[in-house]
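Take the sequence shown: its letter number 157 is residue 170 in our numbering, and every next letter is one higher.
Where is the CB? At the ideal position from N, CA and C, for every residue including glycine.
Following: one structure in structure tokens, then a few remarks.
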Amino acid sequence: MIIYVGVEPFASSAQDSGSVTIIASSYDPSFISPTSLPEHSLCNALNIRLPRYSPVLVPHFHRVTGHSSSDEPKDLDMTVLHTPGHTPDSLAIWDAKERVLYVGDTLYESEPIIFPKEGSILVWLDTMDFLINFVASKEEESFQASVVVISCGHATAFKPALHVLHGAKAYIQDVVSGKEKERKRQEKRGETTVEYGKVGDRFRLVCPERLLKEAASQVLHPR
């Protein structure tokens, strides 16, 4: 989900200076189209005006570059990864120099992993497999390099990435398979939203019940 705090003045100053580009995922352009964004950004639900800005849609494995003194852009050793699941436009950033994977709201510990109704647990599980394989490949490239760490949108920062990714995936799979107990349900944005886990647990989940049913139908009863 796109974060909008201060994005409009930031975008305005960036466009004036020409020094900053705001990027977004090209995975599903219709999701962030002008007609869809007011709803998908939650601006409609929160009754706030949609900020005006023009992001550049970038592909999976896009290399982030910066300005340099020469005519050639400077490679910043950062790669944009498409990580759909939480929402179709979810992104992660791989910082190769620091060996940090930034995953935003895709997952975190201690606080609930929250899926809006635009999300997909099935797609999220595929993204977990991708990220696990991606991190494992980076660790296999050099046995002498430091362990890859992960930083999330909330709570989790600079933890061993594989440990966190495997833990989050296993927890969501347990919820889908019925091993975790439902704690609460309520109506939100026209759908029944369910909650799993309690304060103090390593992982918790809040999502539309529909997403769990969709995942269970495919994971537990594949065609």
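- Annotated as distal: G117 and S133, with beta-carbon spacing of 8 Å or more.
- The beta-bridge partner set that DSSP reports for Y209 consists of E195, L218.
- Membership of L178 in any beta strand (DSSP E) is not indicated; the residue belongs instead to the alpha helix (DSSP H) covering 174 to 189.
- Burial of P97 is indicated by the presence of at least 16 other C-beta atoms within 10 angstroms of its C-beta.
- For I106, the enclosing beta strand (DSSP E) has its first and last residue at 104 to 108.
- Under the DSSP assignment, L135 falls in the alpha helix (DSSP H) whose first and last residues are 134 to 154.
- Rounded to whole angstroms, the gap between the alpha carbons of Y66 and S54 is 13 Å.
- When Y209, D90, A105, P129 are compared, the shortest CA-CA separation from H99 is found for P129.
- Annotation for P72: S39 place their beta carbon closer than 7 Å to its own, counting only its chain and skipping 5 residues before and after.
- F216 places its beta carbon 8 Å or farther from that of A170.
- Pairing E193 with K110, the inter-Cα distance amounts to about 38 Å.
- Annotation for P51: the continuous alpha helix (DSSP H) segment containing it runs 50 to 53.
- Using a Cβ-Cβ distance cut-off of 8 Å, the segment 140 to 155 and the segment 72 to 91 are not in contact, since fewer than three pairs of beta carbons, one from each stretch, lie closer than that value.
- Contact between R223 and E204 holds: CB atoms are separated by about 6 Å, below the 8 Å threshold.
- With respect to I163, L114 sits close: the two C-beta atoms are nearer than 8 Å.
- In chain order, V77, M91, T92, V93, L94, L114, Y115 place their CB closer than 8 Å to the CB of I106, counting only its own chain and leaving out the 5 sequence neighbours on each side.
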